[in-house]
Amino acid sequence: MFILNGCTAPQQNRIQKMETLKTDLLQLIAEYPSATVGISVIDWTNKQSININGDVRMHAASTMKIPVMIEVFRQTTVRKLRLKDSLVVKNEFRSIVDGTHFAISDDSDDETYRELGKKKSYYDLVFQMITVSSNIATNILIDDLGAQNVQQTIERLGTTQMKVRRGVEDTKAFERGLNNEATANDLALLLTRIAQGKAVGKEEDRAMIDIMMAQRFNEMIPKGVPNGVKVAHKTGEITAHRHDAAIIYPEKGKPYTLVILIKGIEDSEKAYQLGINISQKVYFALRS
43 MFILNGCTAP QQNRIQKMET LKTDLLQLIA EYPSATVGIS VIDWTNKQSI NINGDVRMHA
103 ASTMKIPVMI EVFRQTTVRK LRLKDSLVVK NEFRSIVDGT HFAISDDSDD ETYRELGKKK
163 SYYDLVFQMI TVSSNIATNI LIDDLGAQNV QQTIERLGTT QMKVRRGVED TKAFERGLNN
223 EATANDLALL LTRIAQGKAV GKEEDRAMID IMMAQRFNEM IPKGVPNGVK VAHKTGEITA
283 HRHDAAIIYP EKGKPYTLVI LIKGIEDSEK AYQLGINISQ KVYFALRS
């Protein structure tokens, strides 16, 4: 086998391909000079990675629901919690600032609101939290699990920058800058742990993948890959933030992890298109 600088020729080609991909991604980002874009790519085939602003913290938006999901499944293994057990659906929560009550007013989950006062299973709450990004389900779960437990779990899994401080729509906390934060690298690490069966356990992690594959918001990463390619992912958005964190399962070859965090593009369609372009570049560089 031909050797070049300590690498075999195929290894050298793979390294060059990743370097070319990073250059291409930087060129895409350069078209939006006022934006901050975090990208993390993990290619399982070659155990190589790319990160651009991978450790830059941004408002996590709904990507913080991935750690909440992990904690639900973890607690099924360490306490008498079963996914079929249930919690009362409520819309009254306490601010982490002073304990005053607030209610969720902006949500994409009509189904759970119709069940106020009734019971809903942990599994169904997680499913709604991930697939339709239910804010009310998220806060019900965090109240039960404890945000500190969520944070401790992701730190045990290896995250260094991501912060899960609270549920969503805590206006007083938002005004004081007490927000949930994420980085592309930390989200990519968590997704890779799940995909490899190393977040909670093989059975639990497979169940989490199945839930993420039922995601109903598919405006970014899935639109950058060919039809038929499976994508397990979680999106997140607030004003001027559009995120997507995914495990991509090509029809041929091993999966790969891609996280895109976009801050500073007010026009959501432009942000989505940037995400689509990034996803497309990554797919065809790694799996074409």
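In the numbering used here, the protein residues as written are 43 to 330.
C-beta atoms are modelled at their ideal positions from N, C-alpha and C, and glycine is treated no differently.
Note that the structure is predicted; figures quoted are calculated from it, not measured.
Is it true that the CB of G200 sits closer than 8 Å to the CB of L158?
Counted from its first residue, the sequence shown places residue 158 at position 116. Counted from its first residue, the sequence shown places residue 200 at position 158. No, these two residues do not count as a Cβ contact at 8 Å.
Given a cut-off of 8 Å on the beta-carbon distance, is the pair E113 and T195 in contact?
Here residue 113 refers to the residue found at position 71 of the sequence shown. Here residue 195 refers to the residue found at position 153 of the sequence shown. Contact flag set, yes.
Taking the C-alpha atoms as reference points, what is the distance between T62 and E134?
On the sequence shown, position 20 is the one that residue 62 refers to. On the sequence shown, position 92 is the one that residue 134 refers to. Near 51 Å, if we compare the C-alpha coordinates of E134 and T62.
Beta-carbon gap between G96 and A226 smaller than 8 Å:
The residue labelled residue 96 in the question sits at position 54 within the sequence shown. The residue labelled residue 226 in the question sits at position 184 within the sequence shown. Yes, the Cβ-Cβ distance between G96 and A226 is below 8 Å.
With a CB to CB cut of under 6 Å and the five nearest residues on each side skipped, what residues in its chain are close to T299?
As a position in the sequence shown, residue 299 is number 257, starting the count at 1. Around T299: I84, A230, L233, T234, I289.
What's the gap between the Cα of S163 and the Cα of R208?
Translated into the one-based positions of the sequence shown, residue 163 becomes position 121. Translated into the one-based positions of the sequence shown, residue 208 becomes position 166. So the alpha carbons of these two residues sit roughly 21 Å apart.
Looking at C-alpha atoms only, which residue of Q69, V139, V110, K126 is the closest neighbour of A179?
Here residue 179 is taken as the residue at index 137 of the sequence shown, counted from 1. If we check each option's Cα against that of A179, V110 comes out closest.
Can you grab the Cα-Cα spacing for the pair Q90 / L123, in whole Å?
Start at 1 with the first residue of the sequence shown, and residue 90 comes out as number 48. Start at 1 with the first residue of the sequence shown, and residue 123 comes out as number 81. Approximately 38 Å between the Cα atoms of the pair.
Evaluate contact between the segment 68-87 and the segment 240-250, counting only Cβ atoms and requiring at least three cross-stretch pairs below 8 Å.
no
Coil, strand or helix - I45 by DSSP
What you label residue 45 is simply residue 3 of the sequence shown in a count that begins at 1. Only weak support exists for where I45 lies, its pLDDT of 38 falling under 50; the coordinates are left without a value.
Kindly give me the distance between the Cβ atoms of K214 and D140, rounded to whole angstroms, as I take these residues to be in contact under 8 Å.
What you label residue 214 is simply residue 172 of the sequence shown in a count that begins at 1. What you label residue 140 is simply residue 98 of the sequence shown in a count that begins at 1. Indeed, because the Cβ distance is near 7 Å, the residues count as touching under 8 Å.
Starting from S310 and walking both ways along the alpha helix (DSSP H), at which residues does that stretch end?
For the purposes of this step, residue 310 is taken as residue 268 along the sequence shown, with counting starting at 1. Run containing S310: 310-329, per the alpha helix (DSSP H) assignment.
Between L303 and M100, is the Cβ-Cβ spacing less than 8 Å?
Your numbering for residue 303 matches position 261 in the sequence shown. Your numbering for residue 100 matches position 58 in the sequence shown. Contact: yes.
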